[in-house]
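**Q**
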Amino acid sequence: MTTLFYTGCSLDGFIADPDHDLSWLVSRDIDMGSAMGFETVQPRLGAAVMGASTWQWLVDHGEEAAVGGMPTWVLTHRDFAPADGVRFVAADTLDDVRSLHAEAVEAAGGKDLWLVGGGALVARFVEAGLVDELWVQLAPVTLGAGAPLLPARVELQLEEVVRNGDFVCTRYTVLGPGSAPVG
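Structure (structure tokens):
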């Protein structure tokens with residue numbers, strides 16, 4: 003079982019523009035069924051965790067099915083309409099994050115846990131020592147501002163790089179927050 007952050011990102015490190023628009027990302031050419039595309043990762047996933055802004059984007063764009071019916075946690079203090087298989091919870095402390103992680107791992111049933119985003123949520127999981135891998139699909143665009151990929155110092159070890167359509171797809175092992183590289 004792996005806890006992973008799988009996401010797209012601009013070359014200058016943003017996962018969404020200042021208006022939470024993703025048209026710069028979803029309009030690019032990528033083969034989702036090959037070379038680190040989402041369809042190659044999706045069968046490994048058993049549960050998902052995301053922040054309120056990510057959930058709101060999915061709802062606003064009719065993309066709630068992106069989580070594929072898997073058990074899903076949305077970390078939020080906002081009120082959302084109930085959704086099948088989705089739990090809306092607050093996780094204000096690292097102990098809360100660890101408890102939520104344990105619950106989501108159990109619900110994943112031996113499959114991987116997908117941290118959907120955003121970056122601030124993933125940074126909390128990294129700080130708690132709970133993230134194993136970071137998968138980043140780099141889009142050929144710069145945004146200049148927006149929601150950062152990961153607003154924290156995180157030491158990574160590069161494991162894989164491939165080209166898929168317009169994207170450079172990368173996979174890293176997370177070494178930890180501020181830890182020294184191995185090797």
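Residue numbers (this note's numbering): 3 to 185. The beta-carbon is built from N, C-alpha and C at its ideal position, and this holds for glycine as well. Computed from a predicted model, the values in this text were never measured in an experiment.
Across the region 38-48 and the region 75-85, are there enough close Cβ pairs to call them in contact, namely three or more that are closer than 8 angstroms?
**A** no
**Q** My output table needs one value for V188: the three-state DSSP class, helix, strand or coil.
**A** Past the edges of the chain, shown from 3 to 185, lies residue 188, and the structure says nothing about it.
**Q** Could you check if G185 is buried or exposed, using at least 16 other CB atoms within 10 Å of its CB as the buried criterion?
**A** Within the sequence shown, numbered from 1, the residue matching residue 185 stands at position 183. Its pLDDT being 47, under 50, G185 is placed unreliably in this model, and the value from its coordinates should be taken loosely. Classification of G185: exposed, given that the 10 Å Cβ count is below 16.
**Q** Can the beta-carbon of P142 be found closer than 8 angstroms to that of L13?
**A** Here residue 142 is taken as the residue at index 140 of the sequence shown, counted from 1. Here residue 13 is taken as the residue at index 11 of the sequence shown, counted from 1. Cβ atoms of P142 and L13: closer than 8 angstroms.
**Q** Helix, strand or coil: which one does DSSP assign to R190?
**A** Since the first and last residues shown for the chain are 3 and 185, residue 190 lies out of range.
**Q** State the DSSP-derived secondary structure class of E135, mapped to helix, strand or coil.
**A** Along the sequence shown, one-based indexing puts residue 135 at 133. Three-state result, E135: strand.
**Q** What's the C-alpha gap between A2 and M3?
**A** This structure does not reach residue 2, given that the chain is present from 3 up to 185, and the question cannot be answered.
**Q** Does S29 come out as helix, strand or coil in the three-state DSSP assignment?
**A** Walking along the sequence shown from the start, residue 29 turns up at place 27. Here S29 sits in coil by DSSP.
**Q** Any chance the region 142-152 sits against the region 112-122, with 3 or more Cβ pairs inside 8 angstroms?
**A** Two segments are said to touch when three or more pairs of C-beta atoms, one from each, lie closer than 8 angstroms; by this definition the region 142-152 touches the region 112-122.
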